[in-house]
Amino acid sequence: MAQKNTHRAAGRAVTPINAPSAAIRTASGAAVLGSVIVGSAFTMQGASAQSAPAAPAPSTHTVSQAAPSTKSASAPLNAGHTLHSGVRGESVSALQAALNDHGSKLAVDGVFGHKTKSAVRDFQASNGLRVDGRVGPETRGALNGSSNGSSSSSESTSGSAIVDAAKSQTGVRYNWGSTDPGNGLDCSGLTGYAYKQVGKSLPRTSGGQAAGGTTISKSQAQPGDIVHWPGHVGIYAGNNKVVDSSPSQGGVTERTIWGNPTFVSYR
22 MAQKNTHRAA GRAVTPINAP SAAIRTASGA AVLGSVIVGS AFTMQGASAQ
72 SAPAAPAPST HTVSQAAPST KSASAPLNAG HTLHSGVRGE SVSALQAALN
122 DHGSKLAVDG VFGHKTKSAV RDFQASNGLR VDGRVGPETR GALNGSSNGS
172 SSSSESTSGS AIVDAAKSQT GVRYNWGSTD PGNGLDCSGL TGYAYKQVGK
222 SLPRTSGGQA AGGTTISKSQ AQPGDIVHWP GHVGIYAGNN KVVDSSPSQG
272 GVTERTIWGN PTFVSYR
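One gets the working numbering by counting positions in the sequence shown from 1 and adding 21 to each.
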């Protein structure tokens with residue numbers, strides 16, 4: 022009787038003689054013949070690696086957010102209304118930025134509140150100025166870096182131009198309520214006209230003009246400042262003279278100052 026060969030090659034799987042001719046496919050697509058898998062495992066691994074998306078490399082870049090700054094690069098403060106508690110707007114924002122340049126730590130929000138006033142007072146005390154918490158010509162000049170430098174020179178030139186503009190209307194008749202030299206001028210119409218020629222806007226009435234600027238002493242007055250009596254204003258021309266429009270003089274004249282007026286600066 023013939024005996025079956027029981028010798029096998031070491032490590033080799035047996036393929037049944039009656040295995041179907043069609044290969045069985047695995048889920049991965051490799052052909053299986055009996056228990057022998059056709060195809061290299063390394064080839065399958067390579068195909069799997071090519072089809073899987075690469076994981077993004079971890080970022081080494083760190084984004085940091087700085088705390089909001091209270092300091093802002095400031096431009097020179099423009100001459101104009103005195104700044105004080107309760108005032109709001111871009112002029113106050115510029116003031117706050119200027120104070121921050123001098124060591125304050127204010128929020129630049131355009132609101133002249135308690136903190137801004139305290140910062141103004143501290144600046145005034147540190148610079149030998151009158152400590153009143155208000156920003157008029159002297160404090161503004163100090164914040165701009167010079168109270169007697171280019172800022173003062175510019176203001177002096179502006180003041181002379183204001184006086185010249187007022188004098189140019191000498192002889193124009195007085196007309197209450199008018200701001201047009203062609204129709205005559207009242208007192209505040211003349212002062213408003215003169216300031217307009219140098220690009221400055223004043224309140225319309227004499228009372229508004231007196232309240233809108235900084236009250237100064239006569240010794241501090243410079244040509245171009247406002248001279249104010251109750252219900253009346255004029256332009257200080259220097260040497261105790263004023264250019265004004267009044268009904269008693271019939272219109273615009275230059276004359277000697279009388280009584281005890283108040284001097285108001287918009288420098």
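For glycine and all other residues, C-beta sits at the position ideal for the given N, C-alpha and C. Source: prediction; values computed, not measured.
Q270 classed as buried or exposed, judged by whether at least 16 other C-beta atoms fall within 10 angstroms: Looking up residue 270 in the sequence shown gives position 249. Taking all protein chains shown into account, Q270 has fewer than 16 neighbouring C-beta atoms within 10 Å of its C-beta and is therefore exposed.
Neighbour-count burial assignment, S249, 16 or more Cβ in a 10 Å radius: Taking the first residue of the sequence shown as 1, we reach residue 249 at position 228. Residue identity differs from the one stated: residue 249 is His in this sequence, not Ser. With 16 or more other Cβ atoms within 10 Å, it is buried.
Segment limits, beta strand (DSSP E) that includes R142: By 1-based counting over the sequence shown, the position of residue 142 is 121. Annotation for R142: no beta strand (DSSP E) segment contains it, though the alpha helix (DSSP H) segment containing it runs 135-147.
Sub-7 Å separation of R161 and H105 beta-carbons: In the sequence shown, residue 161 corresponds to position 140, counting from 1. In the sequence shown, residue 105 corresponds to position 84, counting from 1. No, they are not a contact pair.
Buried or exposed (CB count within 10 angstroms, at least 16 for buried), E111: Taking the first residue of the sequence shown as position 1, residue 111 is located at position 90. By the neighbour-count rule (16 or more Cβ atoms within 10 Å), E111 is not buried but exposed.
Test item: CB-CB of S181 and P244 under 7 Å: Within the sequence shown, residue 181 is the residue found at index 160, counting from 1. Within the sequence shown, residue 244 is the residue found at index 223, counting from 1. Yes.
Alpha-carbon spacing of T236 relative to D207, whole angstroms: Locating residue 236 in the sequence shown gives position 215, where the first residue counts as 1. Locating residue 207 in the sequence shown gives position 186, where the first residue counts as 1. So the two alpha carbons sit approximately 22 Å from each other.
Boundaries of the alpha helix (DSSP H) in which V113 is found, first to last residue: In the sequence shown, counting from the first residue as 1, residue 113 sits at position 92. Run containing V113: 111-122, per the alpha helix (DSSP H) assignment.
Residues bridged to K262 [DSSP beta-bridge criterion]: Here residue 262 refers to the residue found at position 241 when the sequence shown is read from its first residue. Looking at the DSSP output, K262 bridges to G259, T277.
C-alpha distance - N196 paired with L98, whole-angstrom precision: Locating residue 196 in the sequence shown gives position 175, where the first residue counts as 1. Locating residue 98 in the sequence shown gives position 77, where the first residue counts as 1. When rounded, the distance between both Cα atoms is 36 Å.
Bridge-paired residues (DSSP) for T236: Against the sequence shown, residue 236 aligns to sequence position 215. T236 is bridged by DSSP to V285.
Whole-number beta carbon distance between F284 and S227, since they are thought to touch under 8 Å: Looking up residue 227 in the sequence shown gives position 206. Looking up residue 284 in the sequence shown gives position 263. Contact between S227 and F284 does not hold, since their C-beta atoms are separated by about 14 Å, which reaches or exceeds 8 Å.
Cβ shell of N204 (< 8 Å), same chain only, five flanking positions each side left out: The count along the sequence shown starts at 1 and reaches residue 204 at position 183. Excluding residues up to 5 positions away in sequence, N196 lie with their Cβ nearer than 8 Å to the Cβ of N204 in the same chain.
Segment limits, alpha helix (DSSP H) that includes Y195: Start at 1 with the first residue of the sequence shown, and residue 195 comes out as number 174. Element bounds for Y195: n/a, residue is neither H nor E.
Exposure label - S139; buried when at least 16 CB within 10 Å: Taking the sequence shown and counting its residues from 1, the one referred to as residue 139 is at position 118. Counting Cβ neighbours within 10 Å, S139 comes out exposed, since fewer than 16 surround it.
Residue range of the unbroken alpha helix (DSSP H) whose run includes K217: Mapped onto the sequence shown, residue 217 falls at position 196. Counted as a single uninterrupted DSSP element, the alpha helix (DSSP H) harbouring K217 occupies residues 208-217.
Whether S286 touches P158 by CB criterion (7 Å): For the purposes of this step, residue 286 is identified with residue 265 of the sequence shown, where counting begins at 1. For the purposes of this step, residue 158 is identified with residue 137 of the sequence shown, where counting begins at 1. It is a contact, given that the beta carbons lie within the stated cut-off.
Simplified DSSP assignment, three categories, for G180: In the sequence shown, residue 180 corresponds to position 159, counting from 1. G180 falls in the helix class under three-state DSSP.
Contact set for S42: own chain, Cβ-Cβ below 7 Å, skip 5 residues either direction: As a working note, residue 42 is residue 21 in the sequence shown. With a pLDDT of only 44 at S42, under the threshold of 50, the placement of this residue in the model should not be trusted; the figure read from the coordinates follows. There are no such residues.
Where S227 falls: helix, strand or coil (DSSP): In the sequence shown, the residue the question calls residue 227 occupies position 206. Helix.
Helix, strand or coil at G131 [DSSP, three-state]: By one-based count along the sequence shown, residue 131 stands at place 110. G131: coil per DSSP, three-state reduction.
Among F133, A163, K221, the one whose alpha carbon lies nearest that of H123: In the sequence shown, counting from the first residue as 1, residue 123 sits at position 102. Ranking F133, A163, K221 by Cα distance to H123 puts A163 first.
Rounded separation between P268 and T274 - CA only: For this step, residue 268 is matched to residue 247 along the sequence shown. For this step, residue 274 is matched to residue 253 along the sequence shown. Using only the alpha carbons, I get a separation of about 11 Å.
Check whether V113 and G131 have beta carbons under 7 Å apart: Indexing the sequence shown from 1 puts residue 113 at position 92. Indexing the sequence shown from 1 puts residue 131 at position 110. Yes, these two residues count as a Cβ contact at 7 Å.
Endpoints, the beta strand (DSSP E) within which H249 is located: For the purposes of this step, residue 249 is taken as the residue at position 228 of the sequence shown. Note, H249: beta strand (DSSP E), 247-250.
Chain-order list of residues whose beta-carbon lies under 6 Å from that of S125 (same chain, five-residue window excluded): Within the sequence shown, the letter at position 104 stands for residue 125. These residues qualify, in order along the chain: A140.
Closest Cα partner of A242 within the set V263, A215, G280, T200: Here residue 242 is taken as the residue at index 221 of the sequence shown, counted from 1. For A242, the nearest C-alpha among the options comes from V263.
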